[in-house]
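Chemist: Read in numbering that gives the first Met the number 0, the sequence shown has 357 at position 358, and its numbers run on one by one without any break.
A virtual CB, placed ideally from N, CA and C, is assigned to each residue, including glycine.
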Amino acid sequence: MPQNVRGVVARKKGEPVSVETVVIPDPGPGEAVVKIQACGVCHTDLSYREGGINDEFPFLLGHEAAGVVESVGDGVVDLEPGDYVVLNWRAVCGVCRACKKGKPQYCFDTHNAKQPMTLEDGTALSPALGIGAFVEKTLVAAGQCTKVNPDAPAKVAGLLGCGMMAGLGAAVNTGGIGRGDSIAVIGCGGVGDAAIAGAQLAGATTIIAVDTDPRKLEWAKGFGATHTVNAKEEDAVEAIRAATDGNGADVVVEAVGHPETYRQAFYARDLAGTVVLVGVPYPDMKVPDIPLIDFFGRGGALKSSWYGDCLPSRDFPMYLDLYLQGRFPLDKFVTEEIALDGVEQAFEKMHKGEVLRSVVIF
0 MPQNVRGVVA RKKGEPVSVE TVVIPDPGPG EAVVKIQACG VCHTDLSYRE
50 GGINDEFPFL LGHEAAGVVE SVGDGVVDLE PGDYVVLNWR AVCGVCRACK
100 KGKPQYCFDT HNAKQPMTLE DGTALSPALG IGAFVEKTLV AAGQCTKVNP
150 DAPAKVAGLL GCGMMAGLGA AVNTGGIGRG DSIAVIGCGG VGDAAIAGAQ
200 LAGATTIIAV DTDPRKLEWA KGFGATHTVN AKEEDAVEAI RAATDGNGAD
250 VVVEAVGHPE TYRQAFYARD LAGTVVLVGV PYPDMKVPDI PLIDFFGRGG
300 ALKSSWYGDC LPSRDFPMYL DLYLQGRFPL DKFVTEEIAL DGVEQAFEKM
350 HKGEVLRSVV IF
């Protein structure tokens, strides 16, 4: 029987979200219904509301979530009711050319649930990142459910579903940061601070946090930043070079998604360094005007990081185990716990830079 639950819906571009009744169908083949316990408020949800992703309104927002499997559909063999899971937005296919090469983290045919969740009048909802988790229960593809240690509280476990994994994966997986390396992180929100925490975990010895907000720079120190740069007060590129013996950083993570900060990242890396773009740009943004000779004159790599190049089945359990061992400070990212009707206010706080993560608790 379909179920009626409460969820956060964005009906029109730029308008405040509302809590509405959402109809959840029974799981079909390869699908699962998950009872959500907690869901982080990510900037991507705000981007959906603002029309920065696409215009497939109305959206069912939320995607950084953990919960318990309630039911599964036909053909699901590795998941059962009662399993504690973190939701991911890249259920791998197992048969595309990337998967066949043994690199499922780059799967070219990831999938979501096939049935739509709807409003009471039958209007189909577009779930954010194929999940839609600002809701008491959600329908997902079974492959979007990653089983993890139930000792990890849902309010921190769910954060690995997007922003924290994107940031730490950008540093560790995409950037390949290692022992003794230097890294600069431009943009110290949740994703940037996760990159900083990941770099510290991997053994980087020079970790430079760059932002224009003194409060965010102070937060970055708590995640392992050894140097901070206020880009309003000093030239970020020169400051990064000064902190790295004039060379530039081995890895520069751009966690803003803006042409100017990407330009800074390009020039702040060492001659054979790596730039990693993990900040999400808006569709109308263009590559900065950098002379082609400057590309030619440097080695290294320019990379983009999608979901931190993670493999959820490998990475989610590992990082939660590190959290439970006291080695990865996921709990520091949780600024506040809120109710379902507090999402719009959480967006305002996010826009003002007042929080790292607001987390909806069910």
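Is Thr-109 helix, strand or coil when you go by DSSP?
Modeler: If DSSP states are grouped into helix, strand and coil, Thr-109 belongs with coil.
Chemist: If you drop the 5 nearest sequence neighbours on each side, which residues of the same chain put their C-beta closer than 6 Å to that of Arg-240?
Modeler: Cβ within range, chain order: Gly-247.
Chemist: Can you give, in chain order, each stretch of the alpha helix (DSSP H) that sits fully within the region 208-236 and has at least 4 residues?
Modeler: Listed in chain order, the complete alpha helix (DSSP H) runs (minimum 4 residues) inside the region 208-236 are 213-221.
Chemist: Thinking C-alpha only, which one of Val-252, Pro-152, Phe-295, Arg-297 is nearest Val-275?
Modeler: Out of Val-252, Pro-152, Phe-295, Arg-297, Val-252 has the C-alpha closest to the C-alpha of Val-275.
Chemist: Can you tell me which of Gly-197, Glu-63, Asp-210, Glu-135 puts its alpha carbon nearest to the alpha carbon of Ala-156?
Modeler: For the residues Gly-197, Glu-63, Asp-210, Glu-135, the minimum Cα distance to Ala-156 belongs to Glu-63.
Chemist: Secondary structure at Thr-122, three-state DSSP: helix, strand or coil?
Modeler: DSSP places Thr-122 in coil when its eight states are reduced to three.
Chemist: With H, G and I counted as helix, E and B as strand and the rest as coil, what does DSSP make of Gly-191?
Modeler: DSSP places Gly-191 in helix when its eight states are reduced to three.
Chemist: For a quick check, are the C-beta atoms of Ala-219 and Ala-208 less than 8 Å apart?
Modeler: Contact: yes.
Chemist: Measure the alpha-carbon distance for Asp-249 versus Ala-196 and round it to whole angstroms.
Modeler: Taking the straight line joining both Cα atoms gives about 16 Å.
Chemist: State buried or exposed for Asp-82, treating a residue as buried only when at least 16 other CB atoms are found within 10 Å of its CB.
Modeler: Answer is buried; the Cβ neighbour count reaches 16.
Chemist: Just tell me which of Gly-191, Leu-138, Glu-347 has its CA closest to the CA of Glu-30.
Modeler: Measuring from the Cα of Glu-30, the nearest candidate turns out to be Leu-138.
Chemist: Just list the alpha helix (DSSP H) runs in the region 134-194, keeping only unbroken ones of 4 residues or longer that don't cross its boundaries, in chain order.
Modeler: Segments of the alpha helix (DSSP H) lying fully in the region 134-194: 153-156, 162-168.
Chemist: Straight-line CA distance for Pro-24 to Val-71?
Modeler: Distance between the alpha carbons of Pro-24 and Val-71 is about 11 Å.
Chemist: Does the beta-carbon of Met-164 have 16 or more other beta-carbons within 10 angstroms, so that it is buried, or is it exposed?
Modeler: Met-164 is buried by the Cβ-count criterion.
Chemist: Assuming Arg-313 is part of the beta strand (DSSP E), what are its boundary residues?
Modeler: Segment 311-323 is the alpha helix (DSSP H) holding Arg-313; no beta strand (DSSP E) there.
Chemist: With DSSP run on the structure shown, which of helix, strand or coil describes Cys-38?
Modeler: In the structure shown, Cys-38 sits in a strand (DSSP, three-state: E or B).
Chemist: When the Cα of Met-284 is compared with those of Arg-326, Leu-270, Pro-258, which residue comes out closest?
Modeler: Checking every option, the nearest Cα to that of Met-284 belongs to Pro-258.
Chemist: Let's see if you can read the secondary structure: which residues bound the beta strand (DSSP E) around Asp-249?
Modeler: Start and end: 248-253.
Chemist: Specify, as a first and last residue, the run of the beta strand (DSSP E) that Tyr-83 falls within.
Modeler: Unbroken beta strand (DSSP E) run through Tyr-83: 83-86.
Chemist: Output needed for Gln-215: all residues of its chain with C-beta closer than 6 Å, excluding positions within five of it in sequence on either side, in chain order.
Modeler: As written in the sequence, residue 215 is Lys, which differs from the Gln given in the question. Closer than 6 Å at Cβ, skipping near neighbours: Cys-187.
Chemist: One question on the structure: do Ala-203 and Ala-254 come within less than 8 Å of each other, judged by their Cβ atoms?
Modeler: Not closer than 8 Å, so no.
Chemist: Tell me the rounded alpha-carbon separation between Lys-351 and Ala-151.
Modeler: Rounded to whole angstroms, Lys-351 to Ala-151 spans 30 Å at the Cα level.
Chemist: Please tell me whether Val-22 and Thr-109 are closer than 8 Å, where the distance is taken between their beta carbons.
Modeler: No, the pair does not count as a contact, with Cβ atoms beyond the cut-off.
Chemist: On a Cα-Cα basis, can you pick out the residue from Gln-263, Cys-106, Gln-2, Glu-347 that is closest to Val-94?
Modeler: Among Gln-263, Cys-106, Gln-2, Glu-347, the Cα nearest to that of Val-94 belongs to Cys-106.
Chemist: According to the neighbour-count rule (16 or more other Cβ atoms, all chains shown, within 10 Å of its Cβ), is Phe-294 buried or exposed?
Modeler: The residue is exposed, with fewer than 16 neighbouring Cβ atoms inside 10 Å.
Chemist: My guess is that Ser-304 and Gly-168 are in contact by the Cβ rule of under 8 Å, so how many angstroms apart are they, rounded?
Modeler: Yes, Ser-304 and Gly-168 are in contact; Cβ-Cβ is about 6 Å, under 8 Å.
Chemist: Smallest Cα separation from Arg-268: which of Val-277, Arg-297, Val-279?
Modeler: Of Val-277, Arg-297, Val-279, the residue nearest in Cα terms is Arg-297.
Chemist: Suppose the cutoff is 8 Å on Cβ atoms and the five residues either side in sequence are ignored; what does the same chain contact list for Ser-312 look like?
Modeler: Answer for Ser-312: Thr-145, listed in chain order.
Chemist: Can you list the alpha helix (DSSP H) stretches of 4 or more residues lying completely in the region 27-79, in chain order?
Modeler: With a minimum length of 4 residues, the continuous alpha helix (DSSP H) runs that stay inside the region 27-79 are 42-48.
Chemist: What span of residues does the beta strand (DSSP E) with Thr-20 cover, start to end?
Modeler: Per DSSP, Thr-20 belongs to the beta strand (DSSP E) from 17-23.
Chemist: Have a look at Val-228 and Phe-332 and give me their C-alpha separation to the nearest angstrom.
Modeler: Computed Cα separation, rounded: 21 Å.
Chemist: I'd like the list of long-range same chain contacts for Tyr-47, defined as Cβ closer than 7 Å, with 5 residues on each side in sequence excluded.
Modeler: Here the set comprises Ala-9, Phe-58, Leu-60, Ala-127.
Chemist: Quick check: what's the CA-CA separation for Asp-234 versus Gly-272?
Modeler: Approximately 19 Å between the Cα atoms of the pair.
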